[in-house]
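Line by line, the protein sequences are chains D and B.
Residue numbering for the first sequence is 1 to 266, as defined by the numbering used here.
Residue numbering for the second sequence is 1001 to 1315, as defined by the numbering used here.
Ideal placement from N, C-alpha and C gives every residue a C-beta, glycine not left out.
Bear in mind the structure is a predicted one, so any value in this text is a computation, not a measurement.
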Amino acid sequence: MQLIPSKKWVLGSLVAFSLITLSLPTIIIIGASFTSGEIIQFPPEGFSLRWYRQLWEMDDFRSAFVRTFQVSAICTLLAIPVGTLAALASVRYRMRFQRSIQVYLLLPFTIPLVVSGIAMMIFFGEIRILGQLWPVGVALCLINLPFMIWSVSSTVNGLDPELENAAHSCGAPPVQTFFAVTVPAVMPGIITGALLMFILAFNEFLVSLFLTDARTVTLPVQIYNSIRSVITPDLAAVSVVYILVALLAVWLLDRLVGLDIFLKSR
Amino acid sequence: MTDLPKRTLDRLPLRWVLMDKIEAFASLVWPAKCHRTTGWLFLTPALLLVGILLIGLGYMLEYSLHELDLSSYRLKDAYTLGNYRYLLEQPVYLQVLLRTLLAASVVTLATLTLAFPYAYVMVRTSSSAWRKFLLVSLFLPFFIGQVVRAYGWLIILGKEGIINSALMSLGLPAMDLIYNYGAVVFGLVQYMLPFAVLLIVPAITAIGEDIELAAESLGANWLRAFWHVVLPMARPGLVGAGIVVFTLTMTDFAMPEILGGGTTDFIASAIYDSFFQLSNSGLGAALSIVLVTLGSILVAIVFRITGAGTLSIRQ
C-alpha cells in the first residue's frame, strides 16, 4: 500500500516512540550489566564481565532461578491438558450454560491478581500446603489459564469437524481419533499456549509474592526484594538472564508456530 | 480380534495391543452412551482449577465480615459490616480509589493511542522483515516481565540513574524523574502496550484494505478515512484492549510500588498494606471485595454496551 507522506510521518513517529519505549529498558539493562564500576552511571566507567562472574557466586539467586524453572514447568505441564480439553469443550461441544461457562473460565482474568493472590494464600494456608513449591505452580497455571484456552480455541475454530467424522467412519475408535486427528490439528495452539504459560509463569511476580516465603522465593520476587534506591549492577546481570530467556522464547515461538499467528483475524 | 489364532495376536505390534487396551478401558469408564456429555468431561479439570479461586474468594468474603480485635490482633467472631463502613468513612480510601481510576483512564487512553498505530502498521506493512521486527520488539518486553522492566526504568530515571548522572557530569542539577505520578503512568503504558497491540491486531486484520482504499478514492483524506472507517471497524479490538488495559492498570501493584515508591499508591497497594502492614485481614478482605465488585460492574457495563469484542472465546 502506497502511503501518503503525512500519514507515513504521523504513524511512523508514533510507532518509533513506541519502539523506543518498549526497547529502552532492555537495552539499558544489558548495557548496565557490563559496567566495571560499583554503581551504574553515565558515561559508564568501563567494560567488564565481573558482574556475570559474581552471578555464579550468588547462591540465593541461583536457587531462586532453579525454583522458578520448576514452578513454570509444573504450571505448563498442568495447563496443557486442562486448557486444551477446556478449549475443545467450549468450541466443539454444544452445551447448556455456554455463556456462564465462558464467564466462569475468564474469572482468573476478571479477578484482580492482588485479590487472587491473597485469596489463594488464605486457602492454601487453611489446607496447610502454603510454603511448598507445587501449589505456586498450580496457582500460576490457574491465573493464566485463559491464555492457554485462547491459544488452543483459536486453532480449534479452524479445525474441520469432518476430519473427526472421517476418522470415525474409517473405523477409528474415540481415543485414537482424539490423539491421531484432533490433537495434531490443534497442535499449533497447544505449542503457543504452552510457551506463553511457561514464560508468563517464569516472570510472574505478584501472586508469587504472596505464595512464597524465604525458602521458596522465586526469581521475580527475589529481584523485587533486592531493588534498593542505590542501583547496583549485580541485579542488571540477573535481569539479563530474563532477557535471554525471553529471547529464547520469542525465537522458539517464531520457529515452531511463527509469530504471524498473532496477526490472524478472529 | 478374538477370532484370530493366538500366534497372530502375539505378532501384532505392541502399540496396537496397547491402543486396544486403552480403547477398551476408555469405553469401560466412558461408554458410548455418555458421549453426549463428553464436553462436560473435558471441561471438568478447568472448572475444578478455577474453583480454587472461588473457594479463596469465599474465604475473603468471610474475612471481610469480621472486624479486627485490637487486643489480640485476630478477627472477632461476630458478623458485622463494620469493615465496609470503615472504608466509606475514611476519605483516604476514596482518594486512593479516585487516583487509581484516573490513572487507569489516562493509561488506557495513552496506551490505545500508541497501540493502534503500532498494530495498524504491523498489519498493513508490505515488508515482512519490518513486520517481524515490530513483532519481536513487542514480544520481547512482554516476555521479560514487569519487575525487570520496572528495574530498567529505575536505572534510567532513578535518583542516581543514567539521566541524572549524565546531567550531573555536565554540571546540571539532578531532576526528580521518579517516585511520582508521571513515572508510574509512563511505566504502566509501556507495560500495557504489548497486551493492547495483540488485542487490536485481529480487528485490523479483519478490515479489508480495499474498504480503506475505497474511502480514500472517494475523496476522504487518510485522517477522515481513519476516523470514519478504520476506527469504527476496529472497535471490537479497541474495546477488548481498552477493557484489558483498564482493569490490569486498575489492579496493578508492581509499577506503583517500584516507580511510585509509596507516593502513588493504587488500590492494590492499599489491600497489601491492610493485610501485611496493618495486619487487618478483615479490612483488606473488604477492600478486595469492593475492588472485585467494582471491576466486574465496570466490565459488565462495557460488555452490555459494546459486546465482548475480541475477548470472547467462541467466535
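is_contact[residue i, chain D] using C-beta, thresh 8 Å
i, result
"B/Y1079", "no"
"B/V1029", "no"
"B/V1017", "no"
"B/W1227", "no"
"B/E1089", "no"
"B/L1049", "yes"
"B/R1149", "yes"
"B/V1123", "yes"
"B/P1232", "no"
"B/S1296", "yes"
"B/I1301", "no"
"B/V1292", "yes"
"B/I1211", "no"
Own chain residues within Cβ distance below 8 Å of residue i, not counting five before or after
i, result
"D/V138", "I74, C75 and L78"
"B/R1224", "A1215"
"D/F61", "L55, L219, Q222 and V238"
"D/V114", "L206"
"B/V1029", "none"
"D/M121", "L130, F210 and L211"
"B/R1314", "Note that B/R1314 scores 48 on pLDDT, short of 50, meaning its location in the model is unreliable; the coordinates nonetheless yield the value given after this. Excluding positions up to five away in sequence, the list is empty."
Short CB-CB distance (under 8 Å) between residue i and chain B
i, result
"D/A119", "yes"
"D/F47", "no"
"D/Y52", "no"
"D/L263", "yes"
"D/E162", "no"
"D/V15", "yes"
"D/L206", "yes"
"D/S100", "no"
"D/F65", "no"
"D/E38", "no"
"D/S239", "yes"
"D/M95", "yes"
Cross-chain neighbours of residue i in chain D, by beta carbon under 8 Å
i, result
"B/Y1120", "L11"
"B/L1138", "L22"
"B/Q1190", "T21, L22 and P25"
Interface partners of residue i on chain D, CB under 9 Å
i, result
"B/Y1181", "Neighbours of B/Y1181 on chain D: none; closest Cβ ~17 Å, over 9 Å."
"B/I1258", "Y224 and I227"
"B/A1110", "The premise fails here: B/A1110 is roughly 11 Å from chain D at the closest Cβ pair, so nothing lies under 9 Å."
"B/Y1093", "Correct list: empty, because the minimum Cβ distance to chain D is about 15 Å."
"B/K1132", "D254, L259 and D260"
"B/V1201", "F262, L263, K264 and S265"
Under 9 Å from the C-beta of residue i: neighbouring residues of chain B
i, result
"D/A166", "None at all; the shortest Cβ gap to chain B is about 17 Å."
"D/C141", "L1049"
Other residues of its chain near residue i: CB distance less than 7 Å, five sequence neighbours each side excluded
i, result
"B/S1288", "M1060 and I1271"
"D/P135", "F124, I129 and L211"
"D/F47", "F34 and S36"
"B/S1064", "N1083, G1282, A1285, A1286 and I1289"
"B/V1107", "V1185, L1188, V1189, M1192, V1245 and T1249"
"B/W1222", "E1216"
"D/T68", "F202, T218 and L219"
Beta-carbon separation (whole angstroms), residue i vs residue j, contact threshold 8 Å
i, j, result
"D/A180", "D/A172", "7 Å"
"D/A64", "D/T218", "6 Å"
"B/H1066", "B/L1075", "4 Å"
"D/T110", "B/V1299", "6 Å"
"B/I1155", "D/A236", "7 Å"
"B/T1293", "B/A1268", "Wrong, their Cβ atoms sit about 15 Å apart, outside the cutoff."
"B/G1237", "B/P1202", "6 Å"
"B/A1183", "B/K1159", "The pair is not a contact, with the Cβ atoms about 12 Å apart (cut-off 8 Å)."
"D/L259", "B/L1135", "4 Å"
"B/G1260", "B/Y1179", "6 Å"
Beta-carbon neighbours of residue i, restricted to chain B and to distances below 8 Å
i, result
"D/V250", "V1136, F1139, L1140 and F1143"
"D/S116", "L1053 and G1056"
"D/N327", "No information on residue 327 of chain D is available, as it lies outside the stretch 1 to 266 that chain D covers here."
Close-in-space but distant-in-sequence residues of the same chain around residue i (CB under 6 Å, 5 per side omitted)
i, result
"B/R1124", "none"
"B/S986", "Nothing in the structure corresponds to residue 986 of chain B, since chain B is present only between 1001 and 1315."
"D/G117", "L206, V207 and F210"
"D/A194", "T76 and I80"
"D/T268", "Residue coverage of chain D in this structure runs from 1 to 266, which leaves residue 268 of chain D outside it and unanswerable."
"D/N144", "M197 and L200"
Proximal residues of chain D, C-beta to C-beta of residue i below 7 Å
i, result
"B/S1105", "By Cβ distance, chain D contributes nothing, its closest Cβ being about 17 Å from B/S1105, past 7 Å."
"B/G1239", "Looking at the sequence shown, residue 1239 of chain B is not Gly but Val. Per Cβ cutoff of 7 Å: no residues; B/V1239 is ~14 Å from chain D at best."
Closer than 7 Å at the beta carbon, the chain B residues around residue i
i, result
"D/M197", "Those within 7 Å of D/M197 in chain B number zero; the least Cβ separation is about 12 Å."
Next on the checklist: If we require 3 or more residues per run, which beta strand (DSSP E) segments fall completely within the segment 50 to 104 of chain D?
Outcome noted: none
Next on the checklist: Which runs of the alpha helix (DSSP H) at least 4 residues long sit entirely within the segment 1097 to 1180 of chain B? Give them in chain order.
Outcome noted: 1128 to 1144, 1146 to 1157 and 1162 to 1169
Next on the checklist: What ranges does the alpha helix (DSSP H) occupy inside the segment 169 to 200 of chain D, keeping only unbroken runs of at least 4 residues that lie completely in it?
Outcome noted: 174 to 177
Item to check | Segments of 4+ residues assigned as alpha helix (DSSP H) that fall wholly inside the segment 213 to 245 of chain D | outcome: 219 to 226
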